[in-house]
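Residue numbers (the UniProt record's numbering): 1 to 268.
Glycine included, every Cβ here is placed at the ideal spot set by N, Cα and C.
Down below is the structure, laid out as structure tokens.
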């Protein structure tokens with residue numbers, strides 16, 4: 001019985017990780033070949049259309065785009081800080097003498113110190129990879145921020161902004177995937193059986209979350225006012241200005257006549 005418990009880690013842990021890897025390889029294949037069926041492809045399509053619309057607008061659209069990118073970049077920085085904090089905590093736990101406290105818990109599996117160190121090192125690597133992905137996401141968001149704030153007269157190609165936004169979103173999703181792997185590795189601390197079960201449950205949940213049934217909307221160009229409407233608006237503004245100027249002139253003439261009559265009355 002003890003022999004079987006020790007080898008549960010050698011059977012269930014690789015099996016659970018293999019399920020996760022196969023699912024994500026299938027997801028990557030679908031994103032590259034049929035992105036419309038995935039939530040990632042759906043988001044990327046909408047982001048590219050959003051960049052097109054924002055760059056066709058005026059300065060108010062530019063300010064709105066910069067605000068959206070700033071908020072998204074802040075979320076990436078938040079997750080990166082969170083991953084770095086957890087990595088530091090795990091590293092301190094490995095180096096301390098309390099790192100083997102899990103031996104006192106009822107765990108069906110290998111309880112050797114080597115396996116325990118492997119568990120914590122695996123979690124540390126997963127959190128560090130997630131940290132690096134979120135940092136890259138924030139980096140490309142910052143790059144897109146610089147591109148959008150570039151004056152229109154510089155004739156900057158929109159494809160540069162699209163590329164930065166696309167990479168930022170992809171690195172964001174990669175960081176989330178590493179967090180999912182770190183989560184199942186956390187369950188490994190409680191034994192290979194909870195770890196394998198968490199892998200299966202995670203894949204089932206991600207299958208529904210990563211699927212997309214909504215058709216991709218084909219966005220049109222930003223509607224701009226016609227030349228005739230612009231001419232009519234300018235003409236109306238000129239007429240209003242002339243009327244206001246005429247009223248001001250009439251008021252000044254009337255006040256001048258009143259003052260003149262008042263002085264003539266005083267002389268007589």
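Ignore the nearest five residues each way along the sequence and tell me which others in residue i's own chain have a CB closer than 6 Å to its CB.
i           : result
residue 65  : 54 and 148
residue 86  : 127
residue 160 : 147
residue 181 : 126
Helix or strand or just coil, what does DSSP make of residue i?
i           : result
residue 30  : helix
residue 150 : coil
residue 75  : helix
residue 87  : helix
residue 111 : coil
residue 217 : coil
residue 120 : helix
residue 212 : coil
residue 155 : coil
residue 23  : helix
residue 140 : helix
residue 267 : Unreliable positioning characterises residue 267 in this predicted model, as indicated by a pLDDT of 48, which lies under 50. The coordinate reading is nonetheless provided below. Reduced to three states, the DSSP call for residue 267 is helix.
residue 126 : helix
residue 225 : Summary for residue 225: the model assigns pLDDT 49, below 50, so the residue's position carries little reliability; its value from the coordinates is reported in the next sentence. Residue 225 falls in the coil class under three-state DSSP.
Tell me which residue opens and which closes the alpha helix (DSSP H) that residue i is part of.
i           : result
residue 194 : 192-209
residue 56  : 39-56
residue 168 : 158-188
Return the chain-ordered list of same chain residues with a C-beta closer than 7 Å to the C-beta of residue i, the five sequence neighbours on each side being excluded.
i           : result
residue 168 : 137, 140, 141 and 144
residue 158 : 51, 52 and 55
residue 156 : 147 and 150
residue 129 : 178
Using 8 Å as the threshold, is the C-beta distance between residue i and residue j below it?
i           : j           : result
residue 37  : residue 170 : no
residue 127 : residue 77  : no
residue 195 : residue 12  : yes
residue 173 : residue 69  : no
residue 146 : residue 83  : no
residue 178 : residue 133 : yes
residue 135 : residue 92  : no
residue 45  : residue 216 : yes
Given residue i, which residues of its chain have a CB within under 8 Å of its CB, disregarding the five upstream and five downstream residues?
i           : result
residue 23  : 203, 206 and 207
residue 198 : 16, 183, 184 and 187
residue 200 : 16 and 19
residue 210 : 27, 38, 39 and 40
residue 48  : 162, 165 and 166
residue 238 : Note that residue 238 scores a pLDDT of 49, beneath 50, so its modelled location is shaky; the value from the coordinates is reported in the next line. The answer is none, since no qualifying residue turns up.
residue 43  : 169
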